[in-house]
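Here's the structure, in structure tokens; my notes come after.
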Amino acid sequence: MPDTLLALHRQANWNDYFANPQTCQAMLHIKRRCTSTRAAVLELASMGGSGQSGDGADKRWYEGEAAPPSGWFSPRRTPRAARDPHGGTYAEPSREVPVHLETDVLVVGGGPSGCAAATAAARLGADVTLVERYGHLGGLATGGLVFWIDRMTDWEGRQVITGYADDVLGRLPEEAVYGPAPELWGSTDPEQVVFWRPRQKAFRGTVTWSPTVDPEWLKMVSVDLLEEAGAGIVLHSWAVDAIVEDGAVRGIVFESKQGRRAILARVVVDATGDLDVCALAGARYESDTDAGDVSHCLNVVWCFAGIDLARWLTYARESPDEYREILRRGAEELGHLELPAAGWRNDVCVFMGPRLSGFDGLDVDDLTAVEIESRRRMADHLRFYREHAPGFESAWIMTTASQTGIRHTRRLTGVRKLASEDWKAGVRFDDEIGVSPSPSQKFETVSVPYGSLLPVELDGILASGRHIACDPSTQSFMREIPQCWVTGQAAGVAAALAVASDQAPREVDVDRLRAELRRQNVFLHVEAASEAARAS
Ligand SMILES: Cc1cc2nc3c(=O)[nH]c(=O)nc-3n(C[C@H](O)[C@H](O)[C@H](O)COP(=O)(O)OP(=O)(O)OC[C@H]3O[C@@H](n4cnc5c(N)ncnc54)[C@H](O)[C@@H]3O)c2cc1C
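The sequence shown begins at 13 in the working numbering and counts up one residue at a time.
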């Protein structure tokens, strides 16, 4: 039967077909409904393949990607319904669990937003603890090998993402950072653009501040910043439940090798990326995705070393016909050819794919399938690149990501939803806590409101990072690492202020919050009206 699926896959150009988010939704639906592979095959056949690339492919510039979306549906996969539990349910006995510790501010998740949140809160003197499920910090930026830090400059080259971004990047040794010098940011000089674009540091004809960094150094300096600020770190601990009292989150239950334990806190920051703590606490959330955005794709990122990237890029520029032929052949042989992105040194590159469509980042069987299929695809790529790509003759697999590449699962339903109508109209919020570069020259920089970190109803908790309250189209750039640093830093400062003033996060004085963010070197657009009035 898998052969039949494979045949269908080829015949109907499924690679492109499943890159289309609408059909991906349909695919997920089929997988949930069909009880056998045969049923899935028949249903797939009845859908037919469009043979077209995903709609709105141009949106992938949000991640600096130039080619149209593409992905695969794994023909080895068993439909979900066939895998769903058949054994009914098990009533887990209730039990008392030890309290591991009590803290003022508990940050759950040690990715970009969690590290920024915990560092910022601790700098205000709060007692802060950060809990992380893996054995290192950095989240997708390190464990996920997404060390290509996206744009922090606007279209004129002005840096608008500062604060924690500068602190953490400034700590990295020179050898661990690769990107254009500040005097080139905003440059539209064709020579500079031609050089930096294939290295993912020029976008829409403009050179940007979007470095690639060594993930191992990023792990280490993230710890240094936290420890210097005085925050506590608890690694290898997975939050599995939220403690809620009188409509407010008061801590978490987590699992580790020591079993199940609790951490009690006055304010919690949910920086899990998947909104785990808010969801466990009963907060409302949204999960819809936008047509044409890659947010529906899951993949495992990998790095090849022993390469000469400059040679490959020179070949692409100087021998365009031969280069195109390699891409064509790769697409034919492998189903789709992923392209390398620049690492932090010339002998290392990163492949951000393969993008596997139609999988759910919250489904453990899907996550398993993606891990296995991605590495198989990687081995195919290694063989192909070694054989055909100048500069890759001696390539070897340096590493694969320990954190699955998930761009989107849940988004908070917040007090304020950052929506594309707002930033397209250039709205500047009176509770602005940060600024993002805009997705294209057509728009002004994006104002990020404090309300997008606050759940509509639940108290005692803030959400930062890729799951803040926004629409899908806004999430496609607000999920980038620099933007996650921005919302994380704001959440951390707000949490510390809430603790200091014994208030709920939603009651925090926004002027004080903004003033403190500025003191921590965060770029903000304007003085809030009341702040200006107070100063006069
Ligand atoms: C394939 C891919 C390519 C991308 N490309 C780019 C790019 O080029 N440039 C860019 O800037 N961004 C890119 N992004 C987006 C960016 O990497 C992420 O959106 C960003 O890292 C999100 O940061 P975060 O802190 O919100 O979440 P994450 O980075 O996901 O961090 C969340 C942390 O929380 C931990 N955690 C999760 N659940 C729990 C729990 N229950 N208990 C305890 N700990 C928990 C995780 O282990 C992790 O450390 C890409 C993403 C992907 C997947």
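Idealized CB from N, CA, C, for every residue including glycine.
| Query | Result |
| --- | --- |
| What would DSSP say about residue 408, mapped onto helix, strand or coil? | strand |
| For the pair the segment 430 to 446 and the segment 462 to 471, tell me if three or more CB-CB distances fall below 8 Å. | yes |
| Is residue 464 helix, strand or coil when you go by DSSP? | helix |
| Going by beta carbon distance, what residues of the same chain come within less than 8 Å of residue 530, once the five residues before and after it are set aside? | 536 |
| Only counting the same chain, and skipping five residues up and downstream in sequence, which positions put a Cβ closer than 7 Å to that of residue 296? | 425, 468 |
| Is the distance from the Cβ of residue 281 to the Cβ of residue 120 below 9 Å? | yes |
| Go to residue 118, then tell me how far its beta strand (DSSP E) extends in each direction, as first and last residue. | 111 to 120 |
| Mark residue 452 as exposed unless 16 or more other C-beta atoms lie within 10 angstroms of its C-beta, in which case mark it buried. | exposed |
| Buried or exposed: residue 108, going by 16 or more other Cβ atoms within 10 Å of its Cβ? | exposed |
| Go ahead and label residue 311 buried or exposed: buried means 16 or more other beta carbons lie within 10 angstroms of its beta carbon, across all protein chains shown. | buried |
| Is it buried or exposed for residue 457, if we count other Cβ within 10 angstroms and need 16 for buried? | buried |
| Mapping the DSSP letters down to three states, classify residue 236 as helix, strand or coil. | helix |
| Count the C-beta pairs between the segment 378 to 392 and the segment 284 to 292 that are closer than 8 Å, then say yes if the count reaches three, no if not. | no |
| Are there 16 or more other CB atoms within 10 angstroms of the CB of residue 414, so buried, or fewer, so exposed? | exposed |
| State the DSSP-derived secondary structure class of residue 427, mapped to helix, strand or coil. | coil |
| DSSP on residue 280, reduced to helix/strand/coil? | strand |
| Could you check where the beta strand (DSSP E) with residue 507 kicks off and where it finishes? | Element bounds for residue 507: not the beta strand (DSSP E) but the alpha helix (DSSP H), 493 to 512. |
| Quick one: Cα of residue 502 to Cα of residue 234, how far? | 17 Å |
| If we ignore side chains and look at the alpha-carbon of each, how far apart do residue 181 and residue 103 end up? | 48 Å |
| I need the straight-line Cα distance from residue 438 to residue 114, nearest angstrom please. | 42 Å |
| Would a C-beta distance cut-off of 9 Å place residue 179 and residue 140 closer than the cut-off? | no |
| Taking the alpha carbon of residue 429 as the point to measure from, which residue in 475, 145, 134 has its own alpha carbon closest? | 475 |
| Taking only three categories from DSSP, how would you classify residue 522? | helix |
| State the start and end residues of the unbroken beta strand (DSSP E) segment that holds residue 245. | 244 to 246 |
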